[in-house]
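Structure first, then comments.
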Amino acid sequence: MKLYKSVQIKTILLYIVTAMIITFFYPSKAKFKYEYSVGRPWHYELLTAPFDFQVLKTPSQLQIEKDSATRTMVPYLAFDETVYSKQREKLFRNIGSSELKNEHDKYIDYALNEIYKRGVVSSEDYQSIQAAENGECFVMKGEDKIARKVPYEEIYTIVSAYEDIINNAPRGISKDVLKGANISEYIEPNLLLDQTTTEKVLRTRLAGISPVMGSVQVGERIVNKGDVVTDQIYQELESLKLEYESKLGTTKERVLIRIGQFVLTLIILLTLYFFLLSFRVQVIAQIKNTFFFLGVILWYALLTELSVSYGVIDIYIIPYAMVPILVRVFMDSRTAFLVHMVTVLIAALMAPFQMEFVLLQFVAGMVAIITLRNLSQRSDLIRCTFMVLIAMLLTYVSFSLFQDGNFKGISLYTILSLAINFIFLMFTYVLVYLFERLFGYVSNISLVELSDINSPLLRELSEVTPGTFQHSLQVSILASEAASKINADVRLVRAGALYHDIGKMKNPTYFTENQGEENPHDRLPYDESAKMIIRHVTDGIEMAERARLPKMVIDFIRTHHGLGRVKYFYTKFVNENPDVIVDESIFRYPGPNPFTKETGILMLADAVEASSRSLKDLTEQKIAEHIDKIVDTIVDEGLLKSCPLTFRDVEIIKKVFYEKLKTMYHSRISYPELKRKNAEAPSPDTDKVVDQGRSSDVAG
Numbered sequence: 073m074k075l076y077k078s079v080q081i082k083t084i085l086l087y088i089v090t091a092m093i094i095t096f097f098y099p100s101k102a103k104f105k106y107e108y109s110v111g112r113p114w115h116y117e118l119l120t121a122p123f124d125f126q127v128l129k130t131p132s133q134l135q136i137e138k139d140s141a142t143r144t145m146v147p148y149l150a151f152d153e154t155v156y157s158k159q160r161e162k163l164f165r166n167i168g169s170s171e172l173k174n175e176h177d178k179y180i181d182y183a184l185n186e187i188y189k190r191g192v193v194s195s196e197d198y199q200s201i202q203a204a205e206n207g208e209c210f211v212m213k214g215e216d217k218i219a220r221k222v223p224y225e226e227i228y229t230i231v232s233a234y235e236d237i238i239n240n241a242p243r244g245i246s247k248d249v250l251k252g253a254n255i256s257e258y259i260e261p262n263l264l265l266d267q268t269t270t271e272k273v274l275r276t277r278l279a280g281i282s283p284v285m286g287s288v289q290v291g292e293r294i295v296n297k298g299d300v301v302t303d304q305i306y307q308e309l310e311s312l313k314l315e316y317e318s319k320l321g322t323t324k325e326r327v328l329i330r331i332g333q334f335v336l337t338l339i340i341l342l343t344l345y346f347f348l349l350s351f352r353v354q355v356i357a358q359i360k361n362t363f364f365f366l367g368v369i370l371w372y373a374l375l376t377e378l379s380v381s382y383g384v385i386d387i388y389i390i391p392y393a394m395v396p397i398l399v400r401v402f403m404d405s406r407t408a409f410l411v412h413m414v415t416v417l418i419a420a421l422m423a424p425f426q427m428e429f430v431l432l433q434f435v436a437g438m439v440a441i442i443t444l445r446n447l448s449q450r451s452d453l454i455r456c457t458f459m460v461l462i463a464m465l466l467t468y469v470s471f472s473l474f475q476d477g478n479f480k481g482i483s484l485y486t487i488l489s490l491a492i493n494f495i496f497l498m499f500t501y502v503l504v505y506l507f508e509r510l511f512g513y514v515s516n517i518s519l520v521e522l523s524d525i526n527s528p529l530l531r532e533l534s535e536v537t538p539g540t541f542q543h544s545l546q547v548s549i550l551a552s553e554a555a556s557k558i559n560a561d562v563r564l565v566r567a568g569a570l571y572h573d574i575g576k577m578k579n580p581t582y583f584t585e586n587q588g589e590e591n592p593h594d595r596l597p598y599d600e601s602a603k604m605i606i607r608h609v610t611d612g613i614e615m616a617e618r619a620r621l622p623k624m625v626i627d628f629i630r631t632h633h634g635l636g637r638v639k640y641f642y643t644k645f646v647n648e649n650p651d652v653i654v655d656e657s658i659f660r661y662p663g664p665n666p667f668t669k670e671t672g673i674l675m676l677a678d679a680v681e682a683s684s685r686s687l688k689d690l691t692e693q694k695i696a697e698h699i700d701k702i703v704d705t706i707v708d709e710g711l712l713k714s715c716p717l718t719f720r721d722v723e724i725i726k727k728v729f730y731e732k733l734k735t736m737y738h739s740r741i742s743y744p745e746l747k748r749k750n751a752e753a754p755s756p757d758t759d760k761v762v763d764q765g766r767s768s769d770v771a772g
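Pasting the structure below:
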C-alpha cells in the first residue's frame, strides 16, 4: 500500500509538471473567441464593434502598394559640373594639331556646352530611368542638391549626344569633318545615379504607406448571424481580433491567462488520471505507463504549437490518430480512446477552427480503435491507416458541405495535408517496435508471433524436451481458455504458458515428463533434487533473456511457481528426518509470487495440469475434487495474495479447468467380447462411428 501511495504521488506530480510545460506552449495573449473564414456564413449572433478600431489593410494590399511605390519611384541623378570644363580643356589642347576650321571649333564647343547643360548619363543609368513607370528622374544641382524633375527624353546618352551633334550641325559645317574629329572622346556622363538618395527617398515613401484602410466606430454593425463573410468583413474581423488581443495584453491579464491555461490543461489531464485510477489501476500502477502517456501528449502539444504559432507544418499533417493506434496496440480500447481525446482536446486549445479539428480527430481515433479491435498481425496496422484516411477525408468533405452548402469550401490543400498525414501514419508500424524496446511493452502482434510453435525456442523445446513441450501446450490451452472467461489477456497468457518451462531444457531428464526408465533423482539426496528442480526457473530466465523475450513473458517463467515449495522432495525429506530442523529456503522457489491476473492463471493451470497426470481414476468427480484440492492449496498458501484475481475469478477458473480436463482425459469405451462364433466382426468404420457417438455422450 505504501508503494502504491508513493507511485500515486509521483504520478500526480508528473501530471502537474506536464500541465506546466504544456502551458508554455500556449500563446500568452488573449484569444479571440470567434472562428471564421472567407466565403463561410457567420454562425454567431450579431457582432457590433465593442470599441473604436481601425480596419487594417491585408498583407497583399500593402504589398501591392509597396510594389506600386517601387515601380513609380523616380531615380535621383547627381549633376557633376566639372565634367564639361575638363572636356572643354581637353578639346582646346587638341585644337592646335587639328585640321578643323574655326567654324567647326566654335560649333563643337557650342554643341558640347548645350549637351552638358541637359546632361549625359551612362547607358546603364539610362535604362534604370526608362524602367521607372513614369519615365522621369530628379536631377540634383549645386551644393544644396536642389532636385528638378526631368523627363528622360531630355537626357542624353553618349551615343545620342554624339548623334545629336552630328545631325543638328548648321549649314556650312561639314558632317564628314565632324565625324573625323573624334567628338565622342569629349563626351562623358555628367549625370550619375545617386543610389543612396534614391533608396533613402524610397524608404521614406514605403514608410509613409498607411496600414489602415478605414475605421469602425463603437456600436457599428460588423456582421450578423447568417451573413457570408466577405473579404471586407473578414478584414474587419481580423482588425478587431488584433485590437482585442492587444488591449488584453497587460502583465496582469497575461498572468491570469496563464493561470487559466494551466488549470484547464490540468483538468483535462486529470480526467485521464482519475479514469485510470478508477478503472485501470493495473495500468497506472506502473510508472512507465504514465511516462508513455504524458510523453505522447507533450510531443503532440509541441507539434501543435510549432504548427499554429510558427507555421512549421500544417496542423492536418500531424498524425494525431497515431496516438490511439499506439496505445491500443499495447493496451485496451478505452484507455486508447481517452488518451487520444486528452491529446486532441489539449491540441484544440491551440488549434484554429476547433470544432472542425476535434470532430475530424475524434472520428479518426474511433475508426483507428475499431479497426484494431482484433489486432493479431502487422498487416492489420496497414489496413487501419487506410481506414483512418478514408474516414478523415469523408468527415472533412461532409463537414465542409454541412457548413457551406457547396463544394467551394473544400480545400485541396487540406486534402493534400490529410494524404501526407496518412503517410506519417504508416510509420506507426516502425514505432511499435521502438516502444516495445523503450518501454518493455508487448503488442498482440508480437505475442501471436511468439506463440508460433515453429519459433526457434519452442521448436528446440519440442526436440529436447518433448514431454515438457506437450505439458506446455496443455497448460496453454487451460490457461488461455480461463483467461478468456475472466477478461484477462488471452494472447499474453498463451505465450507465457508456452515458454514458462523452457528452463527444463538444461536438465531435461530430471523432470518426470522427459524421463525414460532411469530416474536421476534416485542417486541424489532430497535437497539436491530440490535444487535441480528449482533451477529450471533461473535457467529459464537466463535462456529467455538470451533469446530477448519480452519482460512480460519472462515474468511467467519467474512467477509460475512463485515462492512455493518443491513439495514432493520437501515432504520426503521431512518424513525421513523428523528430528532435523528443515531450512525451507532450500526447498522454495525464488519467486516472486504472481502479481497479475495472467501470471496467476498460469500458476493454477500449470499446477493442475501437471498433477492431473498422476490421477488413476479419471472420473468426473475425481477430476473436480483434484482441481479443488490443487487450487485451494495454492490459495491457502497465500501464493495469489499479490495477484488481482478475485474469488469469483478463481471459481470460474476451476469450472474452466474441469470442463477442459474432462474433455482431455475422457476414457474411450471398451467393446464387449463377441461370444457367437458365426457373427461378423464390425468393420473399422462402424467402430469409429460407434466410438465417436458413445464418447460424445460420456463427454457431454
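Be aware that the sequence shown starts at 73, since it is given in the working numbering, and climbs by one per residue.
Backbone N, C-alpha and C fix where the C-beta goes; we use that ideal spot for every residue, glycine too.
Given the structure is predicted, the values throughout are model-derived calculations rather than measurements.
Annotation: the region 608–639 contains the following complete segments of the alpha helix (DSSP H) (minimum length 4 residues), in chain order: 623–631.
The Cβ-Cβ distance between T229 and V273 does not fall below 8 Å. Between the region 392–408 and the region 423–439 there are three or more inter-stretch CB-CB distances shorter than 8 Å, so the stretches are counted as touching. Distance from the CA atom of Q307 to the CA atom of R445, rounded to whole angstroms, is 48 Å. Residues M577, P580 of the same chain have their beta carbon placed closer than 8 Å to that of V536, with the five preceding and five following residues left out of the count. Per DSSP, P223 is one residue of the beta strand (DSSP E) stretching across 218–223.
Taking the CA atoms as reference points, P662 sits about 25 Å from I359. By the 16-neighbour rule on beta-carbons within 10 angstroms, W114 is buried. Sixteen is the threshold: since fewer than 16 other Cβ atoms of the shown chains lie within 10 Å of the Cβ of S256, the residue is exposed. Between the region 345–354 and the region 150–166 there are fewer than three C-beta pairs closer than 8 Å, too few to call the two in contact. In the three-state DSSP reduction, P113 falls in the strand class (E or B). Annotation for T443: C456, M459 place their beta carbon closer than 6 Å to its own, counting only its chain and skipping 5 residues before and after.
Taking C-beta separations shorter than 6 Å and ignoring five residues to either side along the sequence, the partners of P283 in its chain run L128, K129, following chain order.
If the five residues before and after I418 are omitted, its C-beta is found closer than 7 Å to the C-beta atoms of I94, T337, I340, I369, A373, all from its own chain and listed in chain order.
In this chain, the alpha helix (DSSP H) harbouring C456 covers 451–476. R563 is not a Cβ neighbour of V504, given a cutoff of 8 Å. Nearest in C-alpha terms to L529, of all of S548, M145, G575, Q546, is G575. Here the region 614–630 makes contact with the region 664–673; the two share three or more CB pairs at distances below 8 Å.
Membership of L274 in the alpha helix (DSSP H) is indicated by the continuous run 267–279. Bounds of the beta strand (DSSP E) holding Y148 are 148–151.
Rounded to whole angstroms, the gap between the alpha carbons of F641 and A602 is 6 Å. I227 sits in coil when the DSSP states are folded into three classes, being neither helix nor strand.
Straight through space, the alpha carbons of G568 and V547 are spaced by roughly 10 Å.
Around the beta carbon of R293, a 10 Å sphere encloses fewer than 16 other beta carbons of the protein chains shown; the residue is thus reported as exposed.
When C-alpha distances from S157 are compared across I331, K189, L533, A219, the shortest belongs to K189. Two segments are said to touch when three or more pairs of C-beta atoms, one from each, lie closer than 8 Å; by this definition the region 122–141 does not touch the region 209–219.
CA-to-CA, the gap between T83 and F429 works out to about 29 Å. The three-state reading of DSSP puts F434 in helix, counting H, G and I together.
Ranking M145, N361, Y198 by CA distance to the CA of F511 puts N361 first. DSSP lists no bridge partner for G367. Put simply, the backbone Cα of E117 is about 37 Å away from that of K138.
By the Cβ neighbour-count rule, V288 is buried, with 16 or more other Cβ atoms within 10 Å of its own. Around the beta carbon of A560, 16 or more other beta carbons lie within 10 angstroms, which makes this residue buried. The beta-bridge partner set that DSSP reports for G286 consists of V127.
Pairwise C-beta distances place the region 490–508 in contact with the region 380–394, as three or more of them are shorter than 8 Å. Selection E648, I238, L488, S381 evaluated against Y98 yields S381 as nearest (Cα-Cα).
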